[in-house]
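The listed protein sequences derive, respectively, from chains A and B. Per the working numbering, the first sequence starts with residue 34, numbered consecutively. Per the working numbering, the second sequence starts with residue 118, numbered consecutively. Just so you know, even glycine gets a beta-carbon here, dropped at the ideal spot from N, CA and C. Since the structure comes first, as structure tokens, the remarks are kept for the end.
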Amino acid sequence: MNKYKDILKDNLWDDNPVFVQILGICSTLAVTNNLTNTLIMSISVVFVAGLTNFSVASIKHFIPGKVRMIIQTLIISFFVIIVDLLLRAFLPDISKSLGPYVGLIITNCIIMGRAEAFARSNKPLISLWDGFTTGIGYMWVLMAIAFIRELFGFGSLFGIQIMPEGFKTWTIMIMAPSAFFILGGVIWIINNIKLSKESSK
Amino acid sequence: MAPDINPLVLLLASILTSNILLANFLGLCSFISISKDMDSANGLGMSVTAVLTITTAINWVVYRYILIPFDLLYLRFIVFIIIIAATVQVLEMVIDRFSPALYMALGIFLPLITVNCAILGVALFMEIRGYSFLQSIVFAFGSGLGWWLAIVSLAAIQKKVLKAPVPEGLKGAGITLITIGFMAMAFIGFSGMLIVQ
Numbered sequence: 034m035n036k037y038k039d040i041l042k043d044n045l046w047d048d049n050p051v052f053v054q055i056l057g058i059c060s061t062l063a064v065t066n067n068l069t070n071t072l073i074m075s076i077s078v079v080f081v082a083g084l085t086n087f088s089v090a091s092i093k094h095f096i097p098g099k100v101r102m103i104i105q106t107l108i109i110s111f112f113v114i115i116v117d118l119l120l121r122a123f124l125p126d127i128s129k130s131l132g133p134y135v136g137l138i139i140t141n142c143i144i145m146g147r148a149e150a151f152a153r154s155n156k157p158l159i160s161l162w163d164g165f166t167t168g169i170g171y172m173w174v175l176m177a178i179a180f181i182r183e184l185f186g187f188g189s190l191f192g193i194q195i196m197p198e199g200f201k202t203w204t205i206m207i208m209a210p211s212a213f214f215i216l217g218g219v220i221w222i223i224n225n226i227k228l229s230k231e232s233s234k
Numbered sequence: 118m119a120p121d122i123n124p125l126v127l128l129l130a131s132i133l134t135s136n137i138l139l140a141n142f143l144g145l146c147s148f149i150s151i152s153k154d155m156d157s158a159n160g161l162g163m164s165v166t167a168v169l170t171i172t173t174a175i176n177w178v179v180y181r182y183i184l185i186p187f188d189l190l191y192l193r194f195i196v197f198i199i200i201i202a203a204t205v206q207v208l209e210m211v212i213d214r215f216s217p218a219l220y221m222a223l224g225i226f227l228p229l230i231t232v233n234c235a236i237l238g239v240a241l242f243m244e245i246r247g248y249s250f251l252q253s254i255v256f257a258f259g260s261g262l263g264w265w266l267a268i269v270s271l272a273a274i275q276k277k278v279l280k281a282p283v284p285e286g287l288k289g290a291g292i293t294l295i296t297i298g299f300m301a302m303a304f305i306g307f308s309g310m311l312i313v314q
């Protein structure tokens with residue numbers, strides 16, 4: 034059981050995909066001006082990352098080394114197509130506002146990264162866990178960014194007005210630069226926490 | 118139906134106002150990891166531009182003449198990514214055969230491009246916006262140039278940043294992201310010129 038706990042801690046904090054490895058931020062950063070979209074996008078990433086890891090770990094003995102990249106890409110595309118079809122069927126509005134970004138989960142390097150680094154050398158169940166927790170480690174950072182951007186950019190959270198009537202929204206928060214600034218800031222804060230922990234040891 | 122946008126306007130828009138990287142966040146991973154030195158940035162920018170233009174042309178034809186008539190739209194993600202991977206592979210062999218020097222220079226960057234989300238992103242944008250063949254190619258070429266411009270500018274800025282007294286916790290990715298943020302702000306300044314969605 035301990036192993037599962039370690040993986041969880043690694044993926045959520047010590048080896049977080051976003052602020053330690055700086056991987057796969059493209060497609061998700063684009064939708065962080067809105068909490069609902071970010072939530073749906075990151076749940077999709079959790080789903081795809083978990084199941085891809087599970088599948089790669091299950092069939093790893095049948096995949097020849099030379100073509101493994103293309104097979105992994107196909108597995109990822111398969112799950113992304115499922116996500117895309119589900120969103121179209123059940124959440125058509127969100128699917129529309131996410132636009133091409135759902136499809137771009139295929140090129141999210143974190144998913145291929147976990148498949149290569151973890152699933153190829155581990156058992157299916159623990160790989161599933163690794164994929165899920167990596168996705169969740171990814172989710173909480175992006176949700177934090179989306180929280181700040183939506184709160185100040187639109188004065189709302191999940192589309193519900195939070196800020197008082199007279200609040201002047203910060204236009205920059207809706208636009209692209211703020212995502213870079215906030216992610217940079219988040220990395221700065223987290224590095225400082227880590228540095229101060231190390232120095233106090 | 119194809120929107121009525123002059124290709125020249127589309128070219129300028131995709132380079133400046135709706136820069137694929139700074140406005141649409143595509144191709145960030147390789148952007149952040151490669152942008153430390155000018156030569157690599159240049160090589161990667163050039164490869165991305167070439168691959169983008171070629172794959173978008175192929176993807177458009179396949180999309181219009183195979184996927185639509187046979188009602189296979191739900192397969193488009195897989196088809197696009199396979200075409201991209203295959204094109205990169207073929208391109209690698211062709212370059213190796215005809216220009217070993219260029220192959221040596223680009224070698225390591227070519228395979229990386231397959232997973233560059235900008236390439237798939239442009240294919241998906243062209244599909245969603247319903248661009249015509251000419252529009253798609255111009256859009257792809259412009260996006261490539263825009264990405265190239267952005268990575269070369271960042272590499273140039275990084276040269277100075279590496280020597281600057283940056284706070285310990287902000288070193289590395291943190292300062293790079295904030296630099297990209299400032300670049301994105303600068304590029305927003307172009308948006309008064311033209312807007313294309």
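Is the beta carbon of residue i within less than 8 Å of some heavy atom of the ligand FAD?
{"i": "Y191 of chain B", "result": "In the structure shown, the ligand FAD is absent, as is every other ligand, since no ligand is present at all."}
With which residues is residue i paired in a DSSP beta bridge?
{"i": "S189 of chain A", "result": "A:Q194"}
Can you give the Cα-Cα distance for residue i and residue j, rounded to whole angstroms?
{"i": "F197 of chain B", "j": "L262 of chain B", "result": "21 Å"}
{"i": "R246 of chain B", "j": "S253 of chain B", "result": "10 Å"}
{"i": "I183 of chain B", "j": "R193 of chain B", "result": "10 Å"}
{"i": "S229 of chain A", "j": "I222 of chain A", "result": "11 Å"}
{"i": "A63 of chain A", "j": "A202 of chain B", "result": "24 Å"}
{"i": "P133 of chain A", "j": "A235 of chain B", "result": "11 Å"}
{"i": "K288 of chain B", "j": "F87 of chain A", "result": "36 Å"}
{"i": "M208 of chain A", "j": "R182 of chain A", "result": "9 Å"}
{"i": "I292 of chain B", "j": "D154 of chain B", "result": "16 Å"}
{"i": "V51 of chain A", "j": "F180 of chain A", "result": "16 Å"}
{"i": "P120 of chain B", "j": "F123 of chain A", "result": "29 Å"}
{"i": "I104 of chain A", "j": "S189 of chain A", "result": "42 Å"}
{"i": "L120 of chain A", "j": "G162 of chain B", "result": "34 Å"}
Could you spell out the range, first to last residue, of the alpha helix (DSSP H) harbouring residue i?
{"i": "T106 of chain A", "result": "R101 to F123"}
{"i": "Y37 of chain A", "result": "N35 to K42"}
{"i": "V179 of chain B", "result": "M155 to V179"}
{"i": "N233 of chain B", "result": "That residue, N233 of chain B, is in no alpha helix (DSSP H); it is neither H nor E in DSSP."}
{"i": "A209 of chain A", "result": "A209 to S233"}
{"i": "G328 of chain B", "result": "Only positions 118 to 314 of chain B appear in this structure, which leaves residue 328 of chain B out of reach."}
{"i": "M145 of chain A", "result": "C142 to A150"}
{"i": "V126 of chain B", "result": "P124 to L129"}
In this structure, how does DSSP classify residue i when only helix, strand and coil are distinguished?
{"i": "W203 of chain A", "result": "coil"}
{"i": "T65 of chain A", "result": "coil"}
{"i": "V211 of chain B", "result": "helix"}
{"i": "P282 of chain B", "result": "coil"}
{"i": "I137 of chain B", "result": "coil"}
{"i": "D48 of chain A", "result": "coil"}
{"i": "D163 of chain A", "result": "helix"}
{"i": "F142 of chain B", "result": "coil"}
{"i": "Q54 of chain A", "result": "coil"}
{"i": "N155 of chain A", "result": "coil"}
{"i": "G136 of chain A", "result": "helix"}
{"i": "M176 of chain A", "result": "helix"}
{"i": "P217 of chain B", "result": "helix"}
{"i": "I185 of chain B", "result": "coil"}
{"i": "S152 of chain B", "result": "coil"}
{"i": "T249 of chain B", "result": "The sequence given here has Ser at residue 249 of chain B, not Thr. Note: S249 of chain B maps to coil in three-state DSSP."}
If residue i and residue j are in contact, beta carbons under 8 Å, what's the gap, nearest whole angstrom?
{"i": "A90 of chain A", "j": "N35 of chain A", "result": "Actually they are not in contact, since the Cβ atoms of A90 of chain A and N35 of chain A sit about 20 Å apart, beyond 8 Å."}
{"i": "V179 of chain B", "j": "I230 of chain B", "result": "No, V179 of chain B and I230 of chain B are not in contact; Cβ-Cβ is about 19 Å, not under 8 Å."}
{"i": "G136 of chain A", "j": "L143 of chain B", "result": "Wrong, their Cβ atoms sit about 12 Å apart, outside the cutoff."}
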